[in-house]
Amino acid sequence: MKNKNEILYFITGNNNKFNEVLSFFEKENLNYFLKQKKIKTIEIQADSIKNVALFKLNSIREKINGSFFIEDAGFFVDIPLNGFPGVYSSYVLRTIGNERILKLINDFVQSRAHFSAVIALYFKPKDKILYFEGNVEGRVSSKIRGKGGFGFDPIFIPDSIPDKTFAELSIEEKNRVSHRGIALKKLVDFLQQNMKT
Ligand code: ITT
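Our numbering puts the first residue of the sequence shown at 1, with every later residue one more than the last.
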């Protein structure tokens with residue numbers, strides 16, 4: 001077991017996201033101690049979540065002494081909503097919410113949706129910004145289902161677990177298949193390869 005002698009900050013105001021990331025990190029042999037920091041980031045309305053993530057990271061870069069990462073995620077209903085709400089996910093969840101998103105869909109069996117996540121890491125030892133991306137494909141549930149998770153989880157059914165919404169999974173089960181879990185696996189692999197020995 002390595003000594004957890006370096007702090008890695010995850011800058012997020014979303015405690016659910018932090019808990020998912022913490023649960024993932026706890027299973028890995030890393031010499032980083034993960035800490036949540038809530039600093040107001042600037043979230044621009046950009047055309048891709050990668051650009052939102054880069055802007056978010058740069059908006060706080062001077063405020064943190066050490067390695068840190070932020071994450072930007074979005075929910076995209078590809079059929080029949082051509083990717084809506086996508087980069088507008090936070091706004092749409094706050095304004096109309098899941099129930100009224102469901103009202104925009106007629107055929108749930110034919111629906112297609114995905115989540116995307118981009119982690120942007122500022123890695124101090126190399127003075128570099130790195131990106132780690134993850135996507136998960138699935139469809140939209142005709143009803144709100146499940147008490148776990150957050151955000152759009154109660155209306156998303158992943159292809160890999162076709163009888164459950166994300167909100168019906170435990171954190172560990174969601175991490176195994178989710179956009180965030182896939183991006184986190186890439187982040188952890190990078191950190192393991194670049195750990196000081
Ligand atoms: P930050 O402080 O980390 O920015 P946030 O909640 O603003 O937290 P995002 O901008 O990345 O996070 O997320 C956009 C929206 O998508 C937001 O409303 C989230 O609730 C939702 N969302 C993100 N990841 C999700 C997930 O894994 N499951 C369900 N909804 C998710």
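Ideal Cβ positions, reconstructed from N, Cα and C, are used throughout, including at glycine. This structure is a prediction, so every number in the text was calculated from the model and none was measured.
{"Asked": "Nearest candidate by alpha-carbon position, reference L130, set F24, N194, A167 and E26", "Found": "N194"}
{"Asked": "Cβ pair count under 8 Å reaching 3, the stretch 95-103 against the stretch 11-19", "Found": "no"}
{"Asked": "Given 8 Å, three or more beta-carbon pairs between the stretch 106-126 and the stretch 58-76", "Found": "yes"}
{"Asked": "Inside the stretch 28-106 only - beta strand (DSSP E) runs reaching at least 3 residues", "Found": "32-37, 68-79 and 84-86"}
{"Asked": "Sequence-distant residues of the same chain with beta carbon closer than 6 Å to G146, five excluded per side", "Found": "P154, T165, A167 and E168"}
{"Asked": "Run of the beta strand (DSSP E) containing L8, from where it starts to where it stops", "Found": "E6 to I11"}
{"Asked": "Distance between beta carbons of S111 and I79, contact taken as under 8 Å", "Found": "6 Å"}
{"Asked": "Cβ-heavy atom distance, E28 to the ligand ITT, below 7 Å", "Found": "no"}
{"Asked": "C-beta contact flag for A13 and K50 at 8 Å", "Found": "The sequence given here places Gly at residue 13; Ala does not occur at that position. No; because the gap between Cβ atoms is not below 8 Å, this pair is not in contact."}
{"Asked": "Endpoints, the alpha helix (DSSP H) within which K17 is located", "Found": "N15 to E26"}
{"Asked": "Beta-carbon proximity list for S23, same chain, < 8 Å, skipping 5 on both sides", "Found": "I171, E172 and N175"}
{"Asked": "Sequence-ordered residues whose beta carbon comes within less than 5 Å of a heavy atom of the ligand ITT", "Found": "T12, G13, N14, D72, A73, S89, S90, L93, G151, F152 and D153"}
{"Asked": "Nearest-angstrom Cβ-Cβ length linking N31 and N5, presumed shorter than 8 Å", "Found": "6 Å"}
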